[in-house]
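Asker: Those sequence lines, one after another, are chains A and B. Per the working numbering: the first sequence = residues 1 to 112. Per the working numbering: the second sequence = residues 1001 to 1113. Quick one: the structure is below, questions incoming.
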Amino acid sequence: DAMVIQNPRYQVTQFGKPVTLSCSQTLNHNVMYWYQQKSSQAPKLLFHYYDKDFNNEADTPDNFQSRRPNTSFCFLDIRSPGLGDAAMYLCATSGIGENEQFFGPGTRLTVL
Amino acid sequence: TQLLEQSPQFLSIQEGENLTVYCNSSSVFSSLQWYRQEPGEGPVLLVTVVTGGEVKKLKRLTFQFGDARKDSSLHITAAQPGDTGLYLCAGAPLNTGFQKLVFGTGTRLLVSP
């Protein structure tokens, strides 16, 4: 089945220790998104890729970076995690011109 | 700034009851999606509505898009414990060159046996 996969599902890191979250998709979608979601709140868009074009949201901290080496994979790098960065991180994809987004299962990040 | 307000924020009901969740905005959307998110998982797309006044049914769930495409509702008939989760509406704004969704504030539903 075509799907969006995120690894790891749970990540524990220490304050200030860099961490990378990964996302892969078999949907062959051109657009990939990274969201941050804190408890019971709506997902907050961090950035997205339209093919290889990177688009950062204006209020996304510089601490958050992303890479998309190919169509299938996308990475979220948090350079120096703070306690406030503990959250669920969601990856989503969509086809060009399509409004529906398909989400992965998420990575729960804990910062100690 | 486009906002989608959902109501109620939290709903706790008994199995077998009916309920309606509302998603309201002052902005017009080209389409609107409803997602359900279970604890520890990502949102799962339930339905997309596109046409003003459109009604879609998914088993016991009925979705309606407002005539002016500014609001939507989700009605669940005879709720079951498996319906428990966070329900999110998300709208695609008009006239944006990019497919960015505006998410609603969310409704947390708890259905007890």
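Using N, Cα and C, we set each Cβ at its ideal position, and we do this for glycine too.
Would you list, in chain order, the members of the region 1038 to 1051 of chain B that have their beta-carbon closer than 9 Å to a beta-carbon of chain A?
Answerer: Here the close residues are Gly1040, Glu1041, Gly1042, Pro1043, Val1044, Leu1045, Thr1048 and Val1050.
Asker: Between Val4/A and Ser94/A, how many whole angstroms is the CB-CB distance? I'm expecting something under 8 Å.
Answerer: No, Val4/A and Ser94/A are not in contact; Cβ-Cβ is about 10 Å, not under 8 Å.
Asker: Compute the Euclidean distance between the alpha carbons of Ser24/A and Phe73/A, then round it to the nearest angstrom.
Answerer: Rounded to whole angstroms, Ser24/A to Phe73/A spans 4 Å at the Cα level.
Asker: Using CA atoms only, rank isn't needed, just tell me which of Gly1016/B, Thr1020/B, Trp1034/B and Asn1018/B is closest to Gly1104/B.
Answerer: It is Trp1034/B.
Asker: What separation, rounded to the nearest whole angstrom, lies between the Cα atoms of Leu1088/B and Leu1045/B?
Answerer: Going by the C-alpha atoms only, they are around 9 Å apart.
Asker: Any C-beta of chain B sitting closer than 7 Å to the C-beta of Ser72/A?
Answerer: With 7 Å as the cut-off, Ser72/A does not count as an interface residue toward chain B.
Asker: Does the beta carbon of Ala86/A come closer than 7 Å to any beta carbon on chain B?
Answerer: Chain B contact via Cβ: absent.
Asker: With 8 Å as the C-beta to C-beta threshold (strictly closer), list the residues of the region 1010 to 1037 of chain B near chain A in chain order.
Answerer: Going along the region 1010 to 1037 of chain B in chain order, one finds Ser1030, Ser1031, Gln1033 and Tyr1035 with a Cβ nearer than 8 Å to chain A.
Asker: Would you please state the rounded distance, in angstroms, between the beta carbons of Leu1109/B and Thr1084/B? I believe it to be under 8 Å.
Answerer: With 8 Å as the limit, Leu1109/B and Thr1084/B qualify as a contact, their Cβ atoms being about 6 Å apart.
Asker: DSSP state of Leu83/A, grouped into three classes?
Answerer: Residue state, collapsed to three classes: helix.
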